[in-house]
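In what follows, a single structure is set out as structure tokens and then discussed.
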Amino acid sequence: CHKEIMMIEANQLYKTYSIVEKELGLKGSIKAFFRPKKKQIHAVQNISLTVQKGEIIGYIGSNGSGKSTTIKMLTGVLYPDRGSVKINGLTPQKHRTAVNKQIGVLFGQKSHLWWDLPLIDSFEYLSKIYEVDNKEWLDYLITELNVTEYLYQPVRQLSLGQRMRGEFIASIIHKPQLVFLDEPTIGLDIETKKKIMELILKINEKYNTTIILTTHEISDIEKVCKRMILISDGEINYDGEVKSFKQIFNKYKKLKMYGENIVDLNEEGILPLRTNIDSKEFVFDETKFNVLDIIKLLPNESIITQTEVLDLNLQEVLLVKDKMGDKYE
Numbered sequence: 462c463h464k465e466i467m468m469i470e471a472n473q474l475y476k477t478y479s480i481v482e483k484e485l486g487l488k489g490s491i492k493a494f495f496r497p498k499k500k501q502i503h504a505v506q507n508i509s510l511t512v513q514k515g516e517i518i519g520y521i522g523s524n525g526s527g528k529s530t531t532i533k534m535l536t537g538v539l540y541p542d543r544g545s546v547k548i549n550g551l552t553p554q555k556h557r558t559a560v561n562k563q564i565g566v567l568f569g570q571k572s573h574l575w576w577d578l579p580l581i582d583s584f585e586y587l588s589k590i591y592e593v594d595n596k597e598w599l600d601y602l603i604t605e606l607n608v609t610e611y612l613y614q615p616v617r618q619l620s621l622g623q624r625m626r627g628e629f630i631a632s633i634i635h636k637p638q639l640v641f642l643d644e645p646t647i648g649l650d651i652e653t654k655k656k657i658m659e660l661i662l663k664i665n666e667k668y669n670t671t672i673i674l675t676t677h678e679i680s681d682i683e684k685v686c687k688r689m690i691l692i693s694d695g696e697i698n699y700d701g702e703v704k705s706f707k708q709i710f711n712k713y714k715k716l717k718m719y720g721e722n723i724v725d726l727n728e729e730g731i732l733p734l735r736t737n738i739d740s741k742e743f744v745f746d747e748t749k750f751n752v753l754d755i756i757k758l759l760p761n762e763s764i765i766t767q768t769e770v771l772d773l774n775l776q777e778v779l780l781v782k783d784k785m786g787d788k789y790e
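Every number in the working numbering is 461 more than the matching position in the sequence shown, counting from 1.
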């Protein structure tokens, strides 16, 4: 029986950084220079994961959780201290050129484009670098992302939304089999964000492209990913379906109360969520409270005109996980 090659196979990855701890002031600087005190930061610890061809996976976690370090090891930018990585059966560190031709990478803070040149020139140079004759594919991307009208403008004259459309095209100009998108929609307008998300789904469906998406925009994960991996303190906390993750927290609901003088409640099982102009939102544990119980906890001067009970979105589920201290398998 022929075993299918996984697009990504990562086995027991570890990465530790050594940093110098420095006391404040000139004295601290001198001390750190002559007698440096080093501290070990365990960025990634024992991370193992497999990704099949054609999957779209959300890789999420807070700042400093180890997301970017993992992505850099998977792309071959960083070497793991321990463990192994294979991309489509190849080791990035040993087969760098072959792997690079198969992957596309978009880091929100790193540009693929030449600042002073027209956008089209960047596309043409990148096509030559990757040694691809891809006019049909490039025309498809240009049309899908509506960049035709500013193709001949220098990149420095483009708005953030226009530039990020160009960056996205540049990252997949060689039609890679595997694409890493690190915060691809950060700071973008709604229309550009929508276009990029739609294109992710189209190229996945049409070309079976595997996509790893890291983002703080949790709504993006819900729109395009069936599976998510949650990392915290360098370790994987959850790896499974987005839907299943949300179901673990099904006992929590969002209560939206409209009215006046509604105050935050500090009760176990109730979490103040957000205050709007005409309403206040809480998350509550259905096994401990119903809506009437919560209204009774409010002071007499609170006037409630309407209530609404809603399911949590993924962002709210993650907040509940952190604040309520729930565990999950």
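Glycine included, C-beta positions come from ideal geometry on N, C-alpha and C. Predicted model only: the values in this text are computed from it and were never measured.
Check: Can you list, in chain order, the residues of its chain whose CB lies under 6 Å from that of L771, leaving out five sequence neighbours each side?; Outcome: K715
Check: Taking only runs of the beta strand (DSSP E) that begin and end inside the segment 598-658, which ones reach a length of at least 3 residues, in chain order?; Outcome: 639-643
Check: Can you list, in chain order, the residues of its chain with a C-beta nearer than 8 Å to that of A504? Leave out the 5 residues immediately preceding and following it.; Outcome: K476, T477, Y478, G527, T530 and G695
Check: Spatial neighbours of I765 within its chain, please: CB distance less than 8 Å, with the 5 preceding and 5 following residues excluded, ordered by chain position.; Outcome: M718, Y719, G720, I723, I756 and L759
Check: Could you round the C-beta distance between V752 and Y713 to whole angstroms and report it? I think they count as a contact, below 8 Å.; Outcome: No, V752 and Y713 are not in contact; Cβ-Cβ is about 14 Å, not under 8 Å.
Check: Could you say if the segment 668-681 and the segment 513-522 meet the contact criterion of at least three C-beta pairs nearer than 8 Å?; Outcome: yes
Check: CA-CA distance, K741 and T675?; Outcome: 30 Å
Check: Under 8 Å, do I634 and L606 count as touching if we go by C-beta distance?; Outcome: no
Check: Which same chain residues, not among the five before or five after I581, have their C-beta less than 7 Å away from its C-beta?; Outcome: L612 and Y613
Check: Determine whether the beta carbon atoms of I690 and I679 lie at a separation below 8 Å.; Outcome: no
Check: Is the distance from the Cβ of L780 to the Cβ of I682 below 8 Å?; Outcome: no
Check: Within this structure, are the beta carbons of I521 and F641 separated by less than 8 Å?; Outcome: no
Check: Beta-carbon within less than 6 Å of S545's beta-carbon, same chain only, minus the 5 sequence neighbours each way: which residues are those?; Outcome: N472
Check: Go ahead and pull the three-state DSSP assignment for K712.; Outcome: coil
Check: Which value, in whole angstroms, describes the spacing of the CA atoms of M436 and G627?; Outcome: Any answer about residue 436 is impossible in this case: the structure gives the chain only from 462 up to 790.
Check: Closest by CA to C686, which one among I731, I517, L474 and Y591?; Outcome: I517
Check: Distance, Cα to Cα, K707 vs E592?; Outcome: 44 Å
Check: What residue range does the beta strand (DSSP E) around K589 cover?; Outcome: It is not in any beta strand (DSSP E) - K589 instead sits in the alpha helix (DSSP H) that spans L580 to I590.
Check: Whole angstroms is fine: what's the gap from V778's alpha carbon to H677's?; Outcome: 14 Å
Check: Flag this pair as yes or no: are the beta carbons of D577 and R617 separated by less than 8 Å?; Outcome: yes
Check: Measure the alpha-carbon distance for E597 versus T604 and round it to whole angstroms.; Outcome: 11 Å
Check: Suppose you measure from the CA of K684 to the CA of M658; what does that come to, to the nearest Å?; Outcome: 8 Å
Check: CA-CA distance, G537 and R496?; Outcome: 33 Å
Check: Quick one: give me the first and last residue of the beta strand (DSSP E) that T558 is part of.; Outcome: Unbroken run through T558 is the alpha helix (DSSP H), R557 to Q563; no beta strand (DSSP E).
Check: Using DSSP bridges, identify the partner residues of Y520.; Outcome: I690
Check: Distance check for L551 and P637, CA to CA, integer angstroms please.; Outcome: 15 Å
Check: Excluding the 5 residues flanking R735 on each side, which residues of the same chain have their C-beta closer than 7 Å to its C-beta?; Outcome: E742
Check: With L758 as the anchor, note down where its beta strand (DSSP E) starts and where it stops.; Outcome: Run containing L758: none in the beta strand (DSSP E); it sits in the alpha helix (DSSP H), V752 to L758.
Check: To which residues of the same chain is K663 closer than 6 Å at the C-beta, ignoring the five residues directly before and after it?; Outcome: none
Check: Check M448 in the structure and name its three-state DSSP category.; Outcome: Shown here, the chain extends from 462 to 790; a query on residue 448 therefore has no answer.
Check: Would you identify the three-state DSSP class for S479, choosing helix, strand or coil?; Outcome: strand
Check: I need the DSSP call for N873, collapsed to helix, strand or coil.; Outcome: For the chain, the structure presents residues 462 to 790; residue 873 sits outside this window and is missing.
Check: Tell me whether Q513 sits in a helix, a strand or coil according to DSSP, three-state version.; Outcome: coil
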